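Participant: Residues 473 to 854 (our numbering) are what the sequence shown spells out, left to right.
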Amino acid sequence: MHYLTKFFDKNSQLAYFSVIYFIILVLWYISFLINNNFELIYNTTLDNYYFKPYFSLYIFDLLLNIDLLPISSVLNILIIPFSIFLILFKIYRCFIDSKYAFLFSLISLSIFNETNFRDFLYHIITFDFNIFLVNDFPLIFKLPFPSLSVFIFLAIFYMILKLTKFNNKKFVAITIMSSFYFYINALDSLFLLLLWFFYIITVLIKIKQIKFLFLYLFITLIILIPGLSFATINQSDIYLDNNLYNLILYNFLPLILSLTFFYIKRIDLYEVWFKFKLVYLFIFSEILINAIVYLNLFNIDLSVLNRQVFQFVIHLLYYTPIIYYGTIQSRNYRFGTESNNLSKKLSNFFVKLLVNYKSKIFYLLVILLFLFNFPYNLFYGA
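#1: Starting from the Cα of Ser580, find the closest Cα among Gly808, Gln780, Leu818, Phe821 and give me that residue.
#2: Fully enclosed by the segment 607-669, which alpha helix (DSSP H) runs are 4 residues long or longer?
#3: Which of the three DSSP states is assigned to Tyr514 in this structure?
#4: Closer than 7 Å by C-beta to Tyr796: which residues in its own chain qualify, once you throw out the five before and the five after it? Chain order, please.
#5: Under the three-state reduction of DSSP, which class applies to Phe857: helix, strand or coil?
#6: On the DSSP letters alone, give me the boundaries of the alpha helix (DSSP H) that Pro542 sits inside.
#7: Would you kindly work out how many angstroms separate the C-alpha atoms of Lys824 and Ile755, rounded to a whole number?
#8: Only counting the same chain, and skipping five residues up and downstream in sequence, which positions put a Cβ closer than 8 Å to that of Asp591?
#9: Does Phe584 come out as helix, strand or coil in the three-state DSSP assignment?
#10: Hey, out of Val765, Ile728, Val827, whose CA is closest to Tyr902's CA?
#11: Going along the chain, which residues of its own chain have a beta-carbon closer than 6 Å to the beta-carbon of Ser503, five neighbours each way excluded?
#12: Look at Ile612 and Ser621 and say whether their C-beta atoms are less than 8 Å apart.
#13: Tell me the rounded alpha-carbon separation between Ser555 and Pro616.
#14: With a 10 Å radius around its C-beta and 16 neighbouring C-beta atoms as the bar for buried, classify Ala645 as buried or exposed.
#15: Enumerate in chain order the residues of its own chain whose CB-to-CB distance from Ile800 is below 7 Å, with the five nearest sequence positions on each side excluded.
#16: Consult DSSP for Tyr493 and reduce its assignment to one of helix, strand or coil.
#17: Taking the continuous alpha helix (DSSP H) assigned at Arg565, which residues delimit it?
#18: Helix, strand or coil for Ser481, going by three-state DSSP, please let me know.
#19: Looking only at C-alpha atoms, which of Ile761, Leu666, Tyr514 sits nearest to Leu547?
#20: What separation, rounded to the nearest whole angstrom, lies between the Cα atoms of Phe609 and Ser802?
#21: Starting from Lys830, trace the alpha helix (DSSP H) both ways and give me its first and last residue.
#22: On the premise that Thr692 lies in contact with Leu659, defined as a C-beta separation below 8 Å, what is that separation, rounded to the nearest angstrom?
#23: Select from Val675, Trp745, Phe654 the residue whose C-alpha is nearest the C-alpha of Leu700.
#24: Work out the CA separation of Phe733 and Ile656 for me, nearest whole Å.
#25: Please look up how many angstroms separate the CB atoms of Tyr564 and Thr792, rounded, as I've assumed it's under 8 Å.
#26: Return the CA-CA distance between Ser811 and Phe599, expressed in angstroms with no decimal places.
#27: Residues in the same chain with beta-carbon distance under 6 Å from Ala573, minus the five sequence neighbours each way, listed in chain order, please.
#28: Indicate the three-state DSSP secondary structure (helix, strand or coil) for Leu753 in the structure shown.
#29: Within 10 angstroms of the Cβ of Asn845, are there 16 or more other Cβ atoms? Answer buried if so, exposed if not.
#30: With distance defined between alpha-carbon atoms, name the residue in Ile549, Ile492, Ile496, Ser570 nearest to Phe479.
#31: If you draw a straight line from the C-alpha of Asn588 to the C-alpha of Ile672, how long is it?
#32: Looking at Ser815 and Tyr735, is the spacing between their C-beta atoms short of 8 Å?
#33: On the criterion of 16 or more Cβ atoms from any shown chain inside 10 Å, does Gly808 qualify as buried, or is it exposed?
#34: Report, in whole angstroms, the separation of the C-beta atoms of Ile720 and Trp668, which I expect to be a contact under 8 Å.
#35: Report the residue from Leu741, Asp533, Phe822 whose alpha carbon sits nearest the alpha carbon of Gly798.
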């Protein structure tokens, strides 16, 4: 417990809550063991991932042994989900305080195959407790996608976030890992490589060493060329509609709220660039992809994309600037847009909500998320 407390910024409450989450994962494992249905979490019918994920399929074939399912399933029911939870906390902690980082981590993993937390809340409010009888399980249990691919993506992403200065050996190592991720999940690797090379370029321009960029590009091309050469890109002739709900909730709303804070608070744009440039890069990248699909330039199955790292980390990452800006205390500005009454009232409202009521919001949502994640089929069977 000492190490967990230290991990969670010396917050013993967060450490105890993390133990509760691990116990819930253990109960999920017991549920699968009692019902003898481990095969449900092995994704034998893989979706269209455009390029064959050789490494993921190799590990999948290695683990998919009926006689060893109860043993191998420890990996994707206990070890991988809890490890992802810990990495998510560290990632969110780079942007927001520990309680919100913990809450975001728990929300990120509270995604089921059929049910969602929003519907769960609605059923609770309307006293419809049949929601507890739904036979479902967390999507993160599924192997190889999304459990394995999300875990590796987050591990590399965290390495990038922890870089503080140029180090050629580390840059080469991360370039190799990011490039090989193409053989784990090609669709997600697009965003990982975009993120990494954006970071590389900003660092190299700052230290005036842009020549190293050619080295990293060369490494990436050498690793990707075999996969691209033997790949078959499968595209449907039917172009899917953009998901308006996702566009509004995860693209436009975070941008609108960010612009609102830029108006009502005196936000340091240098700090925005330094702290949140990668977050806004993801937002604009997703908007660009939606535009490509909308204009029928390339048919990308957005439903597949949204079931991967977007769903488990990136979409919630868009709201980290909102939490960060919202908790900035108001000041008595005399000039500028921050000085008018509307700005002051809005600023005070967000501070009161996100700072003064932080503990109440945190405990309420954590309890509800634990209830949502609990394996009720442990009691009534599969």
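All residues carry an ideal CB built from backbone N, CA and C; glycine is no exception.
Bear in mind that the values here come from a model prediction, so they are computed numbers and not experimental data.
Facilitator: This is what the structure holds:
#1: One-based indexing of the sequence shown puts residue 580 at position 108. Cα-wise, what sits closest to Ser580 is Gln780.
#2: 619-633, 640-652
#3: Within the sequence shown, the letter at position 42 stands for residue 514. Residue state, collapsed to three classes: strand.
#4: Locating residue 796 in the sequence shown gives position 324, counting from the first residue. Result list for Tyr796: Phe567, Ile568, in chain order.
#5: Past the boundaries of the shown model lies residue 857; the chain is included only from 473 to 854, so the question cannot be answered.
#6: For the purposes of this step, residue 542 is identified with residue 70 of the sequence shown, where counting begins at 1. Residues 541-546.
#7: Position 352 of the sequence shown, counted from the start, is the residue given in the question as residue 824. Position 283 of the sequence shown, counted from the start, is the residue given in the question as residue 755. Each residue's alpha carbon lies about 27 Å from the other.
#8: The sequence position of residue 591 within the sequence shown is 119, counting from 1. Contacts found: Ile603.
#9: Taking the first residue of the sequence shown as 1, we reach residue 584 at position 112. Strand, per DSSP.
#10: Any answer about residue 902 is impossible in this case: the structure gives the chain only from 473 up to 854.
#11: As a working note, residue 503 is residue 31 in the sequence shown. Excluding positions up to five away in sequence, the list reads Pro847, Asn849, Leu850.
#12: As a first step, residue 612 must be located in the sequence shown, where it is residue number 140. As a first step, residue 621 must be located in the sequence shown, where it is residue number 149. No; because the gap between Cβ atoms is not below 8 Å, this pair is not in contact.
#13: The residue labelled residue 555 in the question sits at position 83 within the sequence shown. The residue labelled residue 616 in the question sits at position 144 within the sequence shown. In a straight line, the C-alpha of Ser555 is about 15 Å away from that of Pro616.
#14: In the sequence shown, the residue the question calls residue 645 occupies position 173. Looking at its Cβ environment, which holds fewer than 16 other Cβ atoms inside 10 Å, Ala645 is exposed.
#15: Here residue 800 corresponds to residue number 328 of the sequence shown, with the count starting at 1. The residues are Lys737.
#16: The residue labelled residue 493 in the question sits at position 21 within the sequence shown. In the structure shown, Tyr493 sits in a helix (DSSP, three-state: H, G or I).
#17: Taking the sequence shown and counting its residues from 1, the one referred to as residue 565 is at position 93. That run of the alpha helix (DSSP H) goes 552-565.
#18: On the sequence shown, residue 481 is found 9 positions in, with the first residue counted as 1. A small fix is needed here, since residue 481 is Asp in this sequence, not Ser. Coil at Asp481, not helix or strand.
#19: By 1-based counting over the sequence shown, the position of residue 547 is 75. Considering only alpha carbons, the answer is Tyr514.
#20: As a first step, residue 609 is located in the sequence shown; it is residue number 137 there, counting from the start. As a first step, residue 802 is located in the sequence shown; it is residue number 330 there, counting from the start. Each residue's Cα considered, the two are about 43 Å apart.
#21: Translated into the one-based positions of the sequence shown, residue 830 becomes position 358. From DSSP, the alpha helix (DSSP H) with Lys830 extends over 830-845.
#22: On the sequence shown, position 187 is the one that residue 659 refers to. On the sequence shown, position 220 is the one that residue 692 refers to. So it is not a contact: roughly 17 Å between Cβ atoms.
#23: In the sequence shown, counting from the first residue as 1, residue 700 sits at position 228. Ranking Val675, Trp745, Phe654 by Cα distance to Leu700 puts Phe654 first.
#24: As a first step, residue 656 must be located in the sequence shown, where it is residue number 184. As a first step, residue 733 must be located in the sequence shown, where it is residue number 261. Approximately 38 Å, taken between the alpha carbons.
#25: In the sequence shown, residue 564 corresponds to position 92, counting from 1. In the sequence shown, residue 792 corresponds to position 320, counting from 1. Indeed, because the Cβ distance is near 6 Å, the residues count as touching under 8 Å.
#26: Counting from 1 along the sequence shown, the entry for residue 811 is found at position 339. Counting from 1 along the sequence shown, the entry for residue 599 is found at position 127. If you take the alpha carbons of Ser811 and Phe599, they lie about 45 Å apart.
#27: Within the sequence shown, residue 573 is the residue found at index 101, counting from 1. Hits under 6 Å: Phe561, Tyr564, Arg565.
#28: As a working mapping, residue 753 is identified with position 281 in the sequence shown. It is helical.
#29: Numbered from its first residue, the sequence shown carries residue 845 at position 373. Buried, since its Cβ has 16 or more Cβ neighbours within 10 Å.
#30: Here residue 479 corresponds to residue number 7 of the sequence shown, with the count starting at 1. Selected option, being the one with the closest Cα: Ser570.
#31: Here the question's residue 588 lines up with position 116 in the sequence shown. Here the question's residue 672 lines up with position 200 in the sequence shown. Answer to the nearest angstrom: the Cα atoms are 37 Å apart.
#32: Your numbering for residue 735 matches position 263 in the sequence shown. Your numbering for residue 815 matches position 343 in the sequence shown. Yes, these two residues count as a Cβ contact at 8 Å.
#33: For the purposes of this step, residue 808 is taken as the residue at position 336 of the sequence shown. Exposed, by the Cβ-count rule.
#34: Position 248 of the sequence shown holds residue 720. Position 196 of the sequence shown holds residue 668. Rounded, the Cβ-Cβ distance is 29 Å, inconsistent with contact.
#35: Locating residue 798 in the sequence shown gives position 326, counting from the first residue. Per the Cα distances, Phe822.
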